[in-house]
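S.K.: Here it is: the structure, laid out below.
Numbering (my numbering), first residue to last: -3 to 302.
And the structure:
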């Protein structure tokens, strides 16, 4: 019988997203891949510490606890196969059941997202994230400095999303960037009944909603989602109506009107937050794991203007 990942939530991530390999990565950057391989092989029996995405992965895998395989987590890494031994040993040592992996020894791995049918790709490698987004896959660059607490709210998977350029397209953001706030608000008021085009992370939000429905009451872990956006009244209406048109329900919505997002996210305590602007990511890292969605007009502009 043909093995397939159909009807599963598929998460692909690099080894540095799942484990704390920052020390080993410095060896690679300061020396070369041969030195990096030697360090990883020398530490083969040393289980790596959890990284930024570890709590999210652990909670998502708990949706398989009743024997029904609803979530597949795949290591998709630029590591060489020898260094990959430590990655998989560390997964086993941390109690993660991972059966599939791809190691490319420096070659960009994002092309394998297609045969995997991935709903999310997390990596510390910026160019891989950009390429994945351009290919149509939800992807984010993880912030290694994010606060990680694997013991938070153990019965909920909490994921927060920015709106424009993340859940929604950057259609409205382009108007804000080129014409200012007044023009943006006028445009959104006039188009309140017209759904926004989808952004790169709509497929992930849909997949999470399907996962929750498929799990039913047999799995004690629940998915809790939040929209955390700089939008405010009157631009909030179009965002809400867009989600309604997509038949997507979020549990919380925060329309912050430009307020710093970090303090609100500290109250929400996300297992992951996704935003397209680095300043919001910098604010969010103290609240929990954070991923930069390198898409939309904000990421086409010089970094000094973000």
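Ideal Cβ positions, reconstructed from N, Cα and C, are used throughout, including at glycine.
Any idea what DSSP makes of residue 63, helix, strand or coil?
M.R.: In the chain shown, the residue the question calls residue 63 occupies position 67. In this structure, residue 63 counts as coil in the three-state DSSP scheme.
S.K.: Could you give the first and the last residue of the continuous beta strand (DSSP E) run that contains residue 271?
M.R.: Position 275 of the chain shown, counted from the start, is the residue given in the question as residue 271. Segment 268 to 271, the beta strand (DSSP E) holding residue 271.
S.K.: By the DSSP assignment, the beta strand (DSSP E) with residue 248 in it spans what residues?
M.R.: For the purposes of this step, residue 248 is taken as residue 252 along the chain shown, with counting starting at 1. Its beta strand (DSSP E) spans residues 248 to 251.
S.K.: Helix, strand or coil for residue 117, going by three-state DSSP, please let me know.
M.R.: For the purposes of this step, residue 117 is taken as residue 121 along the chain shown, with counting starting at 1. Strand.
S.K.: Return helix, strand or coil for residue 180, following the three-state DSSP convention.
M.R.: The residue labelled residue 180 in the question sits at position 184 within the chain shown. It is helical.
S.K.: Please go through the same chain and pick out, in chain order, the residues whose beta-carbon is closer than 6 angstroms to the beta-carbon of residue 106, but skip the five residues on each side of it.
M.R.: Against the chain shown, residue 106 aligns to sequence position 110. Excluding positions up to five away in sequence, the list reads 124, 127 and 128.
S.K.: Of all the alpha helix (DSSP H) runs that stay within the bounds of the segment 135 to 179, which reach a length of 4 or more residues?
M.R.: Counting whole runs of 4 or more residues, the segment 135 to 179 contains the alpha helix (DSSP H) stretches 167 to 175.
S.K.: So the beta strand (DSSP E) residue 97 belongs to, where does it begin and stop?
M.R.: Here the question's residue 97 lines up with position 101 in the chain shown. Per DSSP, residue 97 belongs to the beta strand (DSSP E) from 96 to 99.
S.K.: Put residue 259 into one of helix, strand or coil per three-state DSSP.
M.R.: Mapped onto the chain shown, residue 259 falls at position 263. Here residue 259 sits in helix by DSSP.
S.K.: Taking all protein chains shown into account, decide if residue 245 is buried (16 or more other Cβ within 10 angstroms of its Cβ) or exposed.
M.R.: Your numbering for residue 245 matches position 249 in the chain shown. So residue 245 ends up on the exposed side.
S.K.: Which of the three DSSP states, helix, strand or coil, is assigned to residue 192?
M.R.: In the chain shown, the residue the question calls residue 192 occupies position 196. Residue state, collapsed to three classes: coil.
S.K.: Quick one: is residue 65 buried, meaning 16 or more other Cβ sit within 10 Å of its Cβ, or exposed?
M.R.: Residue mapping note: residue 65 aligns to position 69 of the chain shown, counting from 1. The residue in question, residue 65, is exposed, as its Cβ has fewer than 16 Cβ neighbours within 10 Å.
S.K.: Identify, in the order they occur along the chain, each residue of the same chain with its Cβ nearer than 8 angstroms to the Cβ of residue 53, setting aside the five sequence neighbours on each side.
M.R.: On the chain shown, residue 53 is found 57 positions in, with the first residue counted as 1. Cβ neighbours of residue 53 beyond the five flanking positions: 7, 9, 14, 69 and 92.
S.K.: Would you list, in sequence order, the uninterrupted alpha helix (DSSP H) runs of no fewer than 4 residues that lie entirely inside the segment 18 to 79?
M.R.: Counting whole runs of 4 or more residues, the segment 18 to 79 contains the alpha helix (DSSP H) stretches 18 to 26, 29 to 38 and 50 to 57.
S.K.: Rounded to whole angstroms, what is the Cα-Cα separation between residue 152 and residue 217?
M.R.: Your numbering for residue 152 matches position 156 in the chain shown. Your numbering for residue 217 matches position 221 in the chain shown. Taking the straight line from one Cα to the other gives about 5 angstroms.
S.K.: Please state whether DSSP places residue 227 in a helix, a strand or coil.
M.R.: Looking up residue 227 in the chain shown gives position 231. In the structure shown, residue 227 sits in coil (DSSP, three-state: anything other than H, G, I, E or B).
S.K.: Counting Cβ pairs closer than 8 angstroms, one from the segment 273 to 293 and one from the segment 250 to 260, do we hit at least three?
M.R.: Judged by Cβ distances under 8 angstroms, the segment 273 to 293 makes contact with the segment 250 to 260, as three or more pairs qualify.
S.K.: For residue 107, which of helix, strand or coil comes out of DSSP?
M.R.: One-based indexing of the chain shown puts residue 107 at position 111. It is helical.
S.K.: Decide if residue 178 is buried, meaning its Cβ has at least 16 other Cβ atoms within 10 Å, or exposed.
M.R.: Position 182 of the chain shown holds residue 178. With fewer than 16 Cβ atoms within 10 Å of its Cβ, residue 178 is classed as exposed.
S.K.: Answer with buried or exposed for residue 184, where buried requires no fewer than 16 other C-beta atoms within 10 angstroms of its C-beta.
M.R.: The sequence position of residue 184 within the chain shown is 188, counting from 1. Per the 10 Å Cβ criterion, buried.
S.K.: Buried or exposed for residue 40, please, with buried defined as at least 16 other CB atoms from any protein chain shown within 10 angstroms of its CB.
M.R.: Taking the first residue of the chain shown as position 1, residue 40 is located at position 44. Answer is exposed; the Cβ neighbour count stays below 16.
S.K.: With which residues is residue 288 paired in a DSSP beta bridge?
M.R.: Within the chain shown, numbered from 1, the residue matching residue 288 stands at position 292. DSSP, once it has assigned bridges, lists 137 and 271 as partnering residue 288.
S.K.: Residue 104 and residue 94 - do their beta-carbons sit closer together than 8 angstroms?
M.R.: Along the chain shown, read from residue 1 onward, the residue named residue 94 stands at position 98. Along the chain shown, read from residue 1 onward, the residue named residue 104 stands at position 108. The answer is no: Cβ separation not under 8 angstroms.
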